[in-house]
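Chemist: Sharing a structure, written as structure tokens. Questions coming.
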Amino acid sequence: MNEMEKFLEVCADLESGKIRVAEKVDGEWKVNSWIKEMILTGFRLGKLTDMSAGGMSFIDKDTIPARTFSVEDRVRIVPGGSSVRRGAYLAPSVIMMPPAYVNIGAYVDEGSMIDSHALVGSCAQIGKNVHLAAAAQIGGVLEPVGALPVIIEDNVFIGGNCGVYEGVLVKEGAVLGSGVILNKSTALYDAVNGVYIRPDAYGRLVVPAGAVVVAGSRPVTKGPGAEAGIHIYTPVIVKYRDDRTDASVVLEDLLR
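Each number in my numbering comes from the position in the sequence shown (counting from 1) with 15 added on.
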């Protein structure tokens, strides 16, 4: 089997959910770096080609076109300009509102909603019953191949205009309020326990299970910034999820 045949086989297996870029092994997330390597091979092998459609110009590598779906896939892609790239998996019952985008290597599990103007980046992993609200940006991590991508576990609510980047892990049941931005260098303050959450041994920022996170700030304490009263953006865990928080997101069940 040559490189192109292997690449196409990997893409088909990704699209069917047979394989995925990252998965839990004995309770810990592990990256399948060989899949990332094959995705990069696909970019290398591809040649620029005209993919124009509907009177609009599109130019991309011929190895990585947009995916097509059928009714049998049981994925709702509402008309209006959304796109899913080859090698991405959308499980049955996923809803995608326009316009939204899912990149190669991404995995979106059952019951999840990708709202308008939302992005699921390359290799990002989205769990079951996740809501990505309007304009939420879930970054992808394709390189280095050994790095874990952004992972959103089951039953997470990502508010509008949130951004989650650089391999951040958002654990089950967490809620990110509108406008929360997280990356591996973000200082996340846990106001419930009075501590800052810093990157773990793998260099990842991990949002605890059930955490309710809102945008906040902390004052600069030294130098001219302190004298000027400057504050630095700091997301804050204000509580951990309870019945009232669950009630506030129950609308998602109606949308499904």
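C-beta: ideal position from N, C-alpha, C; glycine also.
Tell me whether the beta-carbon of G136 lies closer than 8 Å to the beta-carbon of I110.
Modeler: The answer is no: Cβ separation not under 8 Å.
Chemist: Keeping to the same chain, check which residues put their C-beta closer than 6 Å to that of S98; ignore five residues upstream and five downstream.
Modeler: So the list reads A81, Y116, once near-sequence residues are dropped.
Chemist: Excluding the five sequence neighbours on either side, which residues of its own chain have a C-beta within less than 7 Å of the C-beta of I247, listed in chain order?
Modeler: Result list for I247: S232, R233, V235, in chain order.
Chemist: Is the Cβ-Cβ distance between V227 and V190 less than 8 Å?
Modeler: In contact: V227 and V190 (Cβ atoms closer than 8 Å).
Chemist: Give the single residue among G61, V123, A230 whose Cα lies nearest to the Cα of G32.
Modeler: Considering only alpha carbons, the answer is V123.
Chemist: Whose C-beta lies closer than 6 Å to the C-beta of Y180 among residues of the same chain, with five residues either side of it excluded?
Modeler: Closer than 6 Å at the Cβ level, and outside the excluded window around Y180, lie G154, N198.
Chemist: By Cβ distance, which residues of its chain are closer than 7 Å to S67, with the 5 residues on each side in sequence left out?
Modeler: F73.
Chemist: Alpha carbons only, please: which of K237, V207, K186, I119 is nearest the one belonging to R101?
Modeler: Of the candidates K237, V207, K186, I119, the one whose C-alpha sits nearest the C-alpha of R101 is I119.
Chemist: Helix, strand or coil for I67, going by three-state DSSP, please let me know.
Modeler: The amino acid at residue 67 is misidentified as Ile; the sequence shows Ser. S67 falls in the coil class under three-state DSSP.
Chemist: Which of the three DSSP states is assigned to S311 in this structure?
Modeler: Residue 311 lies beyond the range of the chain shown here (16 to 271); nothing can be said about it.
Chemist: Let me check understanding here. Comparing Cα to Cα, which of A139, T78, D65 lies closest to F58?
Modeler: Of the listed residues, the one whose Cα sits closest to F58 is T78.
Chemist: Extract the residue ranges of the alpha helix (DSSP H) inside the region 168 to 226, only unbroken runs of 4 or more that lie entirely within it.
Modeler: Runs found: none.
Chemist: Taking the C-alpha atoms as reference points, what is the distance between Y314 and K62?
Modeler: What the structure shows of the chain is the stretch from 16 to 271, and residue 314 is not part of that stretch, so it cannot be assessed.
Chemist: Give the straight-line distance between the Cα atoms of I92 and G188, rounded to the nearest whole angstrom.
Modeler: For I92 and G188, the distance between alpha carbons rounds to 25 Å.
Chemist: Taking the alpha-carbon positions, what's the I173 to G70 distance?
Modeler: Going from the Cα of I173 to the Cα of G70 covers about 34 Å.
Chemist: Taking a contact to mean a Cβ-Cβ separation below 8 Å, would you say E52 touches V160 in this structure?
Modeler: Yes.
Chemist: Measure the CB-CB distance between E193 and N176 and report whether it falls below 8 Å.
Modeler: One detail in the question is off: residue 193 reads as Ser in this sequence, not Glu. Closer than 8 Å, so yes.
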